[in-house]
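Position one of the sequence shown corresponds to residue -19 (our numbering), numbered consecutively onward.
Ideal Cβ positions, reconstructed from N, Cα and C, are used throughout, including at glycine.
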Amino acid sequence: MGQMETEVLIIGGGVLGAVVARELSRYKVDVILVEKEADFGWGSTKTNMCIVCQGADTLEFRPEYHRSKLVWDSMPLTEPLCQEIDVPFKRVGELALIRNNEELSKFQKLKSRAEKIGIGSHKFLDQETLRQMEPHVTRQAIGALYDPNIAIVDPVRLTIALVENAGQNGVKVMRETEVLGISQKVNEFEVETNRGPIKCRFIVNAAGTSVDRIARLVNSDDFVLYPIRGYVGIFDKNLGGLIEHEIHMRPDAPGQMNIITPSVHGNLFFGTTMQPARRGDYSTTRRIAQIGLQNVRKIIPDLSEKDIINSFAGFLMFRNWEVGWHECVVQASLKVPRFISICIGYPGVSAAPATAREVTELLRREGLRLETNPGFSPFRKAPPVFNKLSEEEQMELVTKDPGYGHVVCRCETVTEGEIVEALRHGATTLDGIKFRTRAGMGRCQGGFCTPRVVKILARELGIPEEKITKKGRESRILLYKTKELLGAEL
Ligand SMILES: Cc1cc2nc3c(=O)[nH]c(=O)nc-3n(C[C@H](O)[C@H](O)[C@H](O)COP(=O)(O)OP(=O)(O)OC[C@H]3O[C@@H](n4cnc5c(N)ncnc54)[C@H](O)[C@@H]3O)c2cc1C
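Here you go:
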């Protein structure tokens, strides 16, 4: 591939890189977004509790913190954004449980603070009202602080939708393109990638857990980040109706999370622990799921281990773990002109729309000319989700395309038509199909549908089944045909 050139290069196709790409597509600016993985949103964005929060009930969100401002400014922007790009967004509301008078007085102070800042439509609920809203909640709770604004989204679908909309509006999008080096020239950068060099004038470094490493490539690492590993557990959909709100309780020990929330797809998620850890170690253990279960049972006592269908770990990059995990990096480099780094350890999804506006403003101040793109359309249509359609709509779809009449993933009722559509939208791997359609995300975790999805992928991509990967690179699912292996010399 020859030399590519652009005005702005965005490194990282997580929610933050994607939202910046989409925001910049409002302007007549040449933008390339590069992502090292085979699809978008596979970094911290996929290892997420899916909550659009505002942290009004915790002192970790102080008005003087940059992060707080981005989260609070984003709150009114996220729902309209999701509507424009056709991404599920549900305002479920949040219940912070109160167990005693000491907690009550803390929450009273936090409620007044939220009102002063102007982010509060919080209400105190007594025990009876709380139990009417959430009948399964612990009897230990004497009431709750209720924030009706809190919502849930699907962060990976949000990211994919942002990238698609950015692409429709002229942004060039490159997957499986990893930034390996950056040389700083007089008025431009030359960025080395595994797909060849890219020349650019501005860089937006949105590389998630690698933001500091990418900054170091041009000696612009004027911040220090600490990796904190968070674990999340997933309950089966059959518990879907057990709670309606995101519910949390103050943890009894540091580094633990007592939180449970519905997801837009019907499963419940629960937080387990948050601990400093070696970056890149995504291993999970039964022990951690058990700690999480113990904690979440303090909120909903009826929960059982047999309903946990999976768990995952993800990394939050915090600027100041020692003094509280409250600051982010959204800044133009102090040392290198036209180089902007963004990293919001938590909650990057909730802070995304305001961060995109701020990064655009930083780029303007660094010298980027921003002229309105007359062809910009804020709208993007999501592919059909068969199990969300009415019977009539389903029939219409099946008549047009019989692939929608063939259910491939039984747990999540995902049809062949949806899988083929996901491939048309850019999925090339098993995980690409999983995050775009939910095939493999149900109770059996892909036990039934994996071989079927592999067959469809091979057929549509025109490659042998052995070449299909879980998530790109060397992650092949099938290594040999059994007979070949038996015949092979070992
Ligand atoms: C357990 C847990 C729960 C969370 N819950 C919530 C929540 O409920 N609500 C909320 O708002 N936030 C939550 N967060 C935080 C949120 O997930 C992050 O703030 C957000 O996803 C960060 O997005 P990002 O785009 O900066 O990073 P990422 O999603 O990590 O994206 C960075 C991208 O850069 C790519 N990349 C890295 N290096 C290179 C390179 N050299 N070349 C090219 N590409 C590269 C990566 O592959 C990745 O896709 C949670 C986080 C965790 C870990």
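Review point. So what does Phe249 bridge to, in DSSP terms?
Key: Working through the sequence shown from its first residue, we reach residue 249 at position 269. Note: Phe249 sits in a beta bridge opposite Ile214, Thr241.
Review point. How many angstroms separate the CA atom of Ala18 from the CA atom of Gly406?
Key: Here residue 18 refers to the residue found at position 38 when the sequence shown is read from its first residue. Here residue 406 refers to the residue found at position 426 when the sequence shown is read from its first residue. For Ala18 and Gly406, the distance between alpha carbons rounds to 9 Å.
Check your understanding: Is the number of C-beta pairs between the stretch 344 to 353 and the stretch 210 to 220 that are closer than 8 Å three or more?
Key -> no
Review point. Secondary structure at Pro333, three-state DSSP: helix, strand or coil?
Key: Numbered from 1 along the sequence shown, position 353 holds the residue referred to as residue 333. Of the three classes helix, strand and coil, the one that applies to Pro333 here is helix, per DSSP.
Practice item. Would you check if the stretch 138 to 149 and the stretch 1 to 12 touch, i.e. whether three or more CB-CB distances between them fall below 8 Å? Key: yes
Point to revise | Simplified DSSP assignment, three categories, for His306 | key: The sequence position of residue 306 within the sequence shown is 326, counting from 1. Coil at His306, not helix or strand.
Review point. For the beta strand (DSSP E) that Met154 lies in, which residues bound it at each end?
Key: Along the sequence shown, read from residue 1 onward, the residue named residue 154 stands at position 174. Residues 152 to 154.
Exercise for review: Determine, using beta carbons only, whether Gln236 and Asn275 come nearer to each other than 8 Å.
Suggested key: Locating residue 236 in the sequence shown gives position 256, where the first residue counts as 1. Locating residue 275 in the sequence shown gives position 295, where the first residue counts as 1. In this structure, Asn275 lies closer than 8 Å to Gln236 by Cβ.
Exercise for review: Could you tell me whether the Cβ of Val387 comes closer than 8 Å to any Cβ of chain B?
Suggested key: Checking the listed chains, one finds no chain B in this structure; it contains a single protein chain.
Exercise for review: Classify Phe428 as helix, strand or coil using the three-state DSSP reduction.
Suggested key: Residue 428 sits at position 448 when you count from the first residue of the sequence shown. Note: Phe428 maps to coil in three-state DSSP.
Practice item. Please classify Glu(-15): does DSSP put it in a helix, a strand, or coil? Key: Reading the sequence shown from its first residue, position 5 is the one you call residue -15. The answer is strand: DSSP assigns Glu(-15) an E or B state.
Point to revise | Met229, enclosing beta strand (DSSP E) - first and last residue | key: To locate residue 229, count along the sequence shown from 1; it is residue 249. Per DSSP, Met229 belongs to the beta strand (DSSP E) from 226 to 229.
Exercise for review: For Thr264, verify whether its CB is less than 7 Å away from any heavy atom of ligand 1.
Suggested key: Position 284 of the sequence shown, counting from 1, holds the residue named residue 264. For ligand 1, not one heavy atom lies less than 7 Å from the Cβ of Thr264.
Exercise for review: Please say whether Gly23 and Leu13 have beta carbons closer to each other than 8 Å?
Suggested key: Locating residue 13 in the sequence shown gives position 33, where the first residue counts as 1. Locating residue 23 in the sequence shown gives position 43, where the first residue counts as 1. Contact flag unset, no.
Review point. Does the distance from the C-beta atom of Leu138 to that of Cys62 stay below 8 Å?
Key: Taking the sequence shown and counting its residues from 1, one reaches residue 138 at position 158. Taking the sequence shown and counting its residues from 1, one reaches residue 62 at position 82. It is a contact, given that the beta carbons lie within the stated cut-off.
Review point. Per DSSP, what kind of secondary structure is Asp287 in: helix, strand or coil?
Key: As a first step, residue 287 must be located in the sequence shown, where it is residue number 307. Asp287: helix per DSSP, three-state reduction.
Review point. Between Gly(-3) and ligand 1, is the CB less than 7 Å from at least one heavy atom?
Key: As a working mapping, residue -3 is identified with position 17 in the sequence shown. Within the cutoff, so yes.
Review point. My guess is that Val117 and Ile280 are in contact by the Cβ rule of under 8 Å, so how many angstroms apart are they, rounded?
Key: The residue labelled residue 117 in the question sits at position 137 within the sequence shown. The residue labelled residue 280 in the question sits at position 300 within the sequence shown. Yes, Val117 and Ile280 are in contact; Cβ-Cβ is about 6 Å, under 8 Å.
Exercise for review: Taking Leu110 as the reference, give the member of Gly123, His102, Leu465 with the closest Cα.
Suggested key: To locate residue 110, count along the sequence shown from 1; it is residue 130. Comparing Cα-Cα distances from Leu110 to each of Gly123, His102, Leu465, the minimum goes to Gly123.
Check your understanding: Helix, strand or coil for Lys49 per DSSP?
Key -> To locate residue 49, count along the sequence shown from 1; it is residue 69. Three-state DSSP puts Lys49 in a helix.
Review point. So Thr109 is in the alpha helix (DSSP H); what residue range does that whole segment cover?
Key: The count along the sequence shown starts at 1 and reaches residue 109 at position 129. 107 to 113 is the extent of the alpha helix (DSSP H) around Thr109.
Review point. What is the DSSP secondary structure of Leu470, reduced to helix, strand or coil?
Key: Translated into the one-based positions of the sequence shown, residue 470 becomes position 490. In this prediction, Leu470 scores a pLDDT of 48, lower than 50, which makes its location untrustworthy; no coordinate-derived value is stated.
Practice item. Compute the minimum distance between the beta carbon of Thr393 and the heavy atoms of ligand 1, and state whether it is under 7 Å. Key: Along the sequence shown, one-based indexing puts residue 393 at 413. For ligand 1, not one heavy atom lies less than 7 Å from the Cβ of Thr393.
Check your understanding: What does a CB cutoff of less than 6 Å around Pro363 pick up in its chain, not counting 5 residues either side in sequence?
Key -> Locating residue 363 in the sequence shown gives position 383, where the first residue counts as 1. Only Glu401 meet the Cβ criterion.
**Study point:** C-alpha distance - Pro56 paired with Lys435, whole-angstrom precision
**Key:** The sequence position of residue 56 within the sequence shown is 76, counting from 1. The sequence position of residue 435 within the sequence shown is 455, counting from 1. When rounded, the distance between both Cα atoms is 43 Å.
Point to revise | Minimum C-alpha distance to Tyr7 - residue among Val151, Ser243, Pro60 | key: By 1-based counting over the sequence shown, the position of residue 7 is 27. Considering only alpha carbons, the answer is Val151.
Check your understanding: Using 8 Å as the threshold, is the stretch 227 to 234 in touch with the stretch 191 to 204, meaning 3 or more CB pairs across them?
Key -> no
Check your understanding: When the Cα atoms are used, what is the spatial distance from Met29 to Gly467?
Key -> Taking the sequence shown and counting its residues from 1, one reaches residue 29 at position 49. Taking the sequence shown and counting its residues from 1, one reaches residue 467 at position 487. Straight-line Cα distance between these residues: approximately 47 Å.
Exercise for review: Please say whether Ile183 and Phe20 have beta carbons closer to each other than 8 Å?
Suggested key: In the sequence shown, counting from the first residue as 1, residue 20 sits at position 40. In the sequence shown, counting from the first residue as 1, residue 183 sits at position 203. The answer is no: Cβ separation not under 8 Å.
Practice item. Name the residue from Leu(-11), Thr25, Asp10 whose alpha carbon lies nearest to the alpha carbon of Phe295. Key: The residue you call residue 295 lines up with position 315 of the sequence shown. Cα-wise, what sits closest to Phe295 is Thr25.
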